[in-house]
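Everything on this sheet refers to the single structure shown next.
There are 4 protein chains.
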Amino acid sequence: MSIRIGILTSGGDCPGLNAAIRGVARAAYQTLDAEIVGIRAGYRGLIDGDYQVMQQSQFSGILTMGGTILGTSRTPFRNMRVVEEDNVDKVHAMKMNYRAMRLDCLVTLGGNGTHKTANLLAKEGLNVIGLPKTIDNDIFGTDFTFGFHTAVDIATDVIDRIHTTAASHSRCMVIEIMGNKAGWLTLYAGLAGGADVILLPEIPYDINKVARVIDERARLNKNFTIIAVAEGAITVEEAAMKRKEREAAQKEYEFRHVSQRVAAALERLTGVESRTVIPGHMQRGGSPCAYDRVLSTQFGVHAARLIKEGRFGLTVALKNGTIGENKLSDVAGVPKPVNPEDQVVKAARDINVSFGD
Amino acid sequence: MSIRIGILTSGGDCPGLNAAIRGVARAAYQTLDAEIVGIRAGYRGLIDGDYQVMQQSQFSGILTMGGTILGTSRTPFRNMRVVEEDNVDKVHAMKMNYRAMRLDCLVTLGGNGTHKTANLLAKEGLNVIGLPKTIDNDIFGTDFTFGFHTAVDIATDVIDRIHTTAASHSRCMVIEIMGNKAGWLTLYAGLAGGADVILLPEIPYDINKVARVIDERARLNKNFTIIAVAEGAITVEEAAMKRKEREAAQKEYEFRHVSQRVAAALERLTGVESRTVIPGHMQRGGSPCAYDRVLSTQFGVHAARLIKEGRFGLTVALKNGTIGENKLSDVAGVPKPVNPEDQVVKAARDINVSFGD
Amino acid sequence: MSIRIGILTSGGDCPGLNAAIRGVARAAYQTLDAEIVGIRAGYRGLIDGDYQVMQQSQFSGILTMGGTILGTSRTPFRNMRVVEEDNVDKVHAMKMNYRAMRLDCLVTLGGNGTHKTANLLAKEGLNVIGLPKTIDNDIFGTDFTFGFHTAVDIATDVIDRIHTTAASHSRCMVIEIMGNKAGWLTLYAGLAGGADVILLPEIPYDINKVARVIDERARLNKNFTIIAVAEGAITVEEAAMKRKEREAAQKEYEFRHVSQRVAAALERLTGVESRTVIPGHMQRGGSPCAYDRVLSTQFGVHAARLIKEGRFGLTVALKNGTIGENKLSDVAGVPKPVNPEDQVVKAARDINVSFGD
Amino acid sequence: MSIRIGILTSGGDCPGLNAAIRGVARAAYQTLDAEIVGIRAGYRGLIDGDYQVMQQSQFSGILTMGGTILGTSRTPFRNMRVVEEDNVDKVHAMKMNYRAMRLDCLVTLGGNGTHKTANLLAKEGLNVIGLPKTIDNDIFGTDFTFGFHTAVDIATDVIDRIHTTAASHSRCMVIEIMGNKAGWLTLYAGLAGGADVILLPEIPYDINKVARVIDERARLNKNFTIIAVAEGAITVEEAAMKRKEREAAQKEYEFRHVSQRVAAALERLTGVESRTVIPGHMQRGGSPCAYDRVLSTQFGVHAARLIKEGRFGLTVALKNGTIGENKLSDVAGVPKPVNPEDQVVKAARDINVSFGD
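See the structure below:
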């Protein structure tokens, strides 16, 4: 008798989702007597019973495609911390539909929110396997998530293009890179793009120290400065505030984008013309890079292997370069911020990149 | 006796400047007994007598490089319309240095401001030839300027990447494309990127009509809308104001970027989540595309031909697909806005792209 | 009553086919009361009556896709010059199916072979409109075909990458670019990529003159040479042969690829290590560049306009930069080789590019 | 007193060399009182005493550049295994020049040949540190070499473009990817590009089994097949021969390229039209990808750290995701072929990719 595998993608879209779906499906068809059930728009489809039994041909030609053929939606719970009545109803609905769809197991592709829900369902007795996707690279227990390296490529290309114009116009250019809580993307793209300053959520910055970098470069006849700033970068002053207090303060800003605040402050402090670039959502769009296609495929295949072995309550991971898995309960809800002592941070410091601290 | 050719690049940087410089130089060395004098940082170098006699090897390997090996600066005059004393002094300085450098002629690469100054110098008796560069494509008398198609490629790539994420999140995405006075770049990139709405400086928009496009698409189950808006796009209301009045009004805006104003208004009118992408200066950076390399080279070579033939006071142009030239006096100060009846606008309208009018 | 429009793509695949199909369809739906009939795999589908009535949604999201959603096949006739019985039968079948499908007109997208057949059908009384696609740019009466500039971009990128390795290894690199009868692609990519030598079918080369370029560069301490050679490039000796004689001779060659013959001869003549790169079919794959998307869309829209105006027996064209049309009978069977006096050839010669002649 | 660091690049060129050089230099200037001596054209410059003391500014702007600013050459020894008189003389010359240049240590960037020579010099008492570069990824003891992921990106892009044309023409496309001894590049690009068959030097193939894949796909109405073949892929029959015997046989082939042999054989066996694409040296050209820029920088910085700590006779490595080092004597001369049990091979097999075995 065939194994019936449900699959869904949840949370923000991300390059490599389709490649990972294809990996699960092709490996399942090849190594198991499998039937794949595509659940639409993330957990919402599981709650509403919105699904279709997939044909093998539906997984053809999707390796290179951005987005997700299954659709996605944000986490189904308004507040994961409080198990309100509403949440209880939703969990119940998901359990009922899991059975109604006659699933033997469920593969969920997503980020931190997705993993929390996956863990919840596993605790309720469903056979769940997670796959870690996000351009933020902030899922605990895996070297890299898929989608991350594609986003690094895109953000690096932006910085590359800015270099020419920065140099010829003697400007300070501030490039705002995605990442509200984790600065991995800004760190890697900043280093790859040759940024002079990298500002991360994990390392609060002093704007005066950033201004000093510009002044110092001017003294060395370097007429331009490139600053890579994460969306969630904060000043030393903001870091001292409580979260709510900080968020309230930020709402009052004239400029909603951190890059605009940084540029305005630097122009005031140094007198150097400062401009912003905000590539925004283009960082999560388009075809996955080769690295992410290989990683997504390996992750998908590994999920199929775990299913074959009857091992559930796990999430697939790259651990010191080797594909493996972690317990969902060990990963769900655990953040993975940039460690200020991380080897990439230290390499950047050694070549005189400033973190504004 | 050899011909001594001065060359300078002026105004905003632009892909293809180095390719055009190389075209002038290689053709001059090949077809004339030429010596090339590189003037630094645009007209400023001519005013200050800052130059070097170039070696042939300095033009090797620059075909693919962004920026300009000669450096650039903005137009040397604070106000071109009034010939103030300061201007007179600068023009005098340029004439003196032209002679001090023993130039037989001067090739100036730049946009509208550059052409005005070139025309001024030509009237003063200098042998001047212009080359039309700008990503805005707004120089009168040429089918295309070099730099334009590269910028179209970059902006189109941004829109491409946005499509995936717009679709998967059911959003309205507003992409702000360079172009304060002319909308060519937004028009071409918008059409190439499959934008649903294109907003140009030349065609004032009614935000309610834009909102209606979103509603109409929703009715057809199209859950996302892509809007390409030029930096200088204006509403019907703004178009009715005088320029100074409008600029004063725009300074008061909470949002400095037009895309932010458009997105905020649409979110209010339609209830659809709306986000902005502001690629900014990345649109003028990096290596020129193949089209621009060919065009820049042809332009540069044609300048050398005009020099050989002793024809000056001209600017090189692509006229109905053929390389030719125009009189500087016919081009200087003449804008080239998008004609609302342009064939590309009409093609866009025929496939149901809205211009918000 | 609605107009019923048949559409087919024929000949080799080419970037921009889907963009042009979309242009026809969206403009027809928007400006006419149209119904679109998609004919499968080119004329073969017309002969076999293999078609489907398209839904409007099938034209969504195809602007950026390579290939053709309708499928393609080579020209249906073994020998277009002789109207054999077989041909007569096929033409008869196409006329019958045109009526059976209740078409009001037929839009054919293709190259020279496609246009010949389109003209044949027009003579038989069908309402036919052609659209000129090919990466070879060799269709008479249009400035450019769509697909050409995308292929130029790809081939230029190949040459760019080769530069680094050529320089660091002091090699002669021979890059073979598509184009059996017409050298446009090699000419543009060669010039854009900074090739030192460009060998075209239209300008027979003398291998000794090519060798002399390598020697001359060595004298100037330029340690590498880049040669762009069209698939169909021929030597002066081959040019003197009759076609059959030449083809027989070429079959005997140890090396089937012209680049391999050139590289082997140059290594023998100069002693400089010579290597080949044969990118082949990658030059016709992938998403169309922005230029081709705009051009394809304009072409498609113009076809819809001609339908609206009831004008047939025409093929759409870009004429001196303006979208227009030519008579099918004026275009069918007329080649468009590179004129050795073409402005791009002359520009290349002026910057010291050798054509080996 | 300052530390004097010699640096050279040796062997085939590779993306990331300049990024790594910059990493060494910037970290050395930043963390040590260093002087950098650039040795020209690899070991040849050490033998001939061809070098220059570098200025700090020479390391600016090179992060993104392909090739190497120092130049390169192949390994200086005709036969590393036999220490002939000629070799002895060369080693002696290198030692003498190391002293004449007053070097405190020498950093060598290269592949397997470079590491052998580095080890030889270390045994002679010089302070040597190696950096592992190669697109082949075949250096023992490091997860990845720099240059590899860039080459994977390029080769994957080639396969992507081929997909469209393969599908529309119902062809078998054979793409020949660099790698004579190691198949890593073909393995990763093949998997990332969605190849149906991957042929590697490490897994001898049976052409009949490859033909069967094509037949099997035809049965499933998949009208095209993509084959990624490494330059050094061999048949089961060739694998049974001795190396010299095999090389003699291969010289006799009508087709010098393995892809041409494979395509011809498959066309004969299956009747399906088969074509080759040979991207060749474009796989090692151009700007390094973001991954390689980060890795190269980390490697360069780590070399500076080892110098600071006075630790020599080592080569930098990525070990299970962490930057570290190995003994030169443990790495030199040790190959790193693809293990047929490698996790990527197994993932590929699980999604039904054939290795022809």
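Chains as they are written, first to last, in the numbering used here: chain A, 970 to 1326; chain B, 970 to 1326; chain C, 970 to 1326; chain D, 970 to 1326.
Ideal Cβ placement from N, Cα and C applies to all residues, glycine included.
Asked: On the DSSP bridge assignment, give the partners of A:LEU1287 in chain order.; Found: A:ILE1292
Asked: Could you tell me which chain B residues have their CB closer than 7 Å to the CB of C:ILE1320, listed as they occur along the chain?; Found: GLY992, ARG995, ALA996, GLN999, THR1266 and VAL1270
Asked: If we cut at 8 Å on Cβ distances, does C:GLY1254 have a partner in chain D?; Found: yes
Asked: Return the CA-CA distance between B:ASN1177 and B:VAL1241, expressed in angstroms with no decimal places.; Found: 14 Å
Asked: Going by other Cβ atoms of all chains shown within 10 Å of its Cβ, with 16 needed for buried, is D:ALA954 buried or exposed?; Found: Outside the shown range of chain D, which is 970 to 1326, sits residue 954 of chain D, and nothing can be said about it.
Asked: Answer yes or no: do C:ALA1151 and C:PRO1170 have a C-beta to C-beta separation smaller than 8 Å?; Found: yes
Asked: Reducing DSSP to helix, strand and coil, say where D:ALA994 ends up.; Found: helix
Asked: Mark B:MET1147 as exposed unless 16 or more other C-beta atoms lie within 10 angstroms of its C-beta, in which case mark it buried.; Found: buried
Asked: What three-state label does DSSP hand D:GLY1099 in the structure shown?; Found: strand
Asked: Along the alpha helix (DSSP H) that carries C:GLY975, what are the first and last residues, could you check?; Found: No alpha helix (DSSP H) holds C:GLY975; the beta strand (DSSP E) holding it covers 972-978.
Asked: List the residues of chain D whose Cβ lies closer than 9 Å to the Cβ of A:HIS1061, in chain order.; Found: Correct list: empty, because the minimum Cβ distance to chain D is about 36 Å.
Asked: What is the DSSP secondary structure of D:VAL1246, counted as helix, strand or coil?; Found: strand
Asked: Could you tell me which chain A residues have their CB closer than 7 Å to the CB of D:ALA1316, listed as they occur along the chain?; Found: THR1266, GLN1267 and VAL1270
Asked: Helix, strand or coil for C:GLU1214 per DSSP?; Found: helix
Asked: If you draw a straight line from the alpha carbon of C:ARG1215 to that of C:THR1125, how long is it in whole angstroms?; Found: 30 Å
Asked: Can the beta-carbon of C:TYR1012 be found less than 8 Å from the beta-carbon of C:LEU986?; Found: no
Asked: Grouping DSSP H, G and I as helix and E and B as strand, with all else coil, what is D:VAL1060?; Found: helix
Asked: Check whether the Cβ atoms of C:LEU1100 and C:VAL1285 lie closer than 8 Å to each other.; Found: yes
Asked: Determine, using beta carbons only, whether C:VAL1198 comes closer than 8 Å to chain D.; Found: no
Asked: So what's A:ILE1203 in DSSP terms, helix, strand or just coil?; Found: coil
Asked: What does the alpha-carbon distance come out to for the pair A:GLY981 and A:ALA1161?; Found: 25 Å
Asked: From this set, D:ARG1009, D:ILE1008, D:THR1033 and D:TYR1020, which residue's C-alpha is nearest D:ALA1259's C-alpha?; Found: D:THR1033
Asked: Would you say B:SER1137 reaches chain A, if we count a Cβ-Cβ gap shorter than 8 Å as a contact?; Found: yes
Asked: I'd like to know if B:ASP1129 contacts chain C, where contact means its C-beta is closer than 8 Å to some C-beta of that chain.; Found: yes
Asked: Output yes if chain B places a C-beta closer than 8 Å to the C-beta of A:PRO1248; else output no.; Found: yes
Asked: Rounded to whole angstroms, what is the Cα-Cα separation between C:SER1325 and D:HIS1118?; Found: What sits at residue 1325 of chain C in the sequence shown is Gly, not Ser. Taking the straight line joining both Cα atoms gives about 38 Å.
Asked: Give me, in chain order, the residues of the same chain whose beta-carbon lies closer than 6 Å to that of A:ASN1056; leave out the 5 immediate sequence neighbours on both sides.; Found: PHE1046
Asked: To the nearest angstrom, how far is it from the Cα of A:ARG1234 to the Cα of A:VAL1179?; Found: At residue 1234 of chain A the sequence reads Ala, which differs from the Arg that was named. Rounded to whole angstroms, A:ALA1234 to A:VAL1179 spans 10 Å at the Cα level.
Asked: For C:ALA989 and C:PHE1115, which I take to be in contact (beta-carbon distance under 8 Å), what is that distance rounded to the nearest angstrom?; Found: 6 Å
Asked: Using 8 Å as the cut-off, can you tell me whether the region 1060-1068 of chain C makes contact with the region 1083-1102 of chain C, which would need three or more C-beta pairs spanning the two stretches below that distance?; Found: yes
Asked: Can you give, in chain order, each stretch of the alpha helix (DSSP H) that sits fully within the region 1061-1146 of chain C and has at least 4 residues?; Found: 1081-1092 and 1117-1138
Asked: Do the CB positions of C:ILE1144 and C:ALA1208 come within less than 8 Å of each other?; Found: no
Asked: First and last residue of the alpha helix (DSSP H) that includes A:TYR1020?; Found: Counting along the chain, A:TYR1020 falls outside any alpha helix (DSSP H), though it belongs to the beta strand (DSSP E) covering 1020-1022.
Asked: Provide the residue(s) that pair with C:VAL1303 in DSSP beta bridges, ordered along the chain.; Found: For C:VAL1303, which the question treats as bridged, DSSP gives no partner whatsoever.
Asked: Please classify D:LEU1275: is it buried, with 16 or more other beta-carbons within 10 angstroms of its beta-carbon, or exposed?; Found: buried
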